[in-house]
Amino acid sequence: MEKNIICMHGGIGRSINRIEQIENLQRPIAMEAGSVVMMDLLWSDPTENDSAKGLRSDVWGPGLITFGVAQGHLITLFVAMNYCGTTNNTGAILVLGRDLVVVPKLIQSLLFAVT
9 MEKNIICMHG
19 GIGRSINRIE
29 QIENLQRPIA
39 MEAGSVVMMD
49 LLWSDPTEND
59 SAKGLRSDVW
69 GPGLITFGVA
79 QGHLITLFVA
89 MNYCGTTNNT
99 GAILVLGRDL
109 VVVPKLIQSL
119 LFAVT
């Protein structure tokens, strides 16, 4: 977004070494194509060792999984409310303003909100 924010489902994965690999993905994307880069973007979990040339080096750091934020640059969200029907956890989203101001919002599961 605006060449300043990158949003993805998980971590960047082992097959991604440069931000251009993400930029150069042919769209629309068909999962049948078996793109390793696409599979990494969708299913890799973020780790402390994630890195790619073209991204600022201070984006990832120790504790990102535990705390969700690394030096104010990385935000991890767990959006699944009542995960697998076994927990009473809230979900979260980020709302981005026109000037890219980030506002976090919590989402409560309706199942637990009305009981």
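When we follow our numbering, the leftmost residue of the sequence shown carries the number 9, and every step to the right adds one.
Glycine included, C-beta positions come from ideal geometry on N, C-alpha and C.
It should be emphasised that the depicted structure is a prediction, and the values quoted were computed from it without experimental measurement.
Rounded Cβ spacing between residue i and residue j (contact assumed at less than 8 angstroms)
i   : j    : result
L50 : I30  : About 12 angstroms; that fails the 8 angstroms criterion.
G19 : S52  : 4 angstroms
V5  : A100 : The question about residue 5 has no answer here: the residues shown for the chain are numbered 9 through 123.
Limits of the alpha helix (DSSP H) - the one that residue i falls within
i   : result
I30 : 27-31
L50 : 44-51
Assigned exposure category for residue i - 16 Cβ within 10 Å defines buried
i    : result
M2   : Residue 2 is absent from the model: the chain starts at 9 and stops at 123.
G21  : buried
I115 : exposed
I24  : buried
Bounding residues of the beta strand (DSSP E) (the contiguous stretch that carries residue i)
i    : result
G93  : Note, G93: premise wrong, no beta strand (DSSP E); not H, not E.
V111 : 110-115
A100 : 99-104
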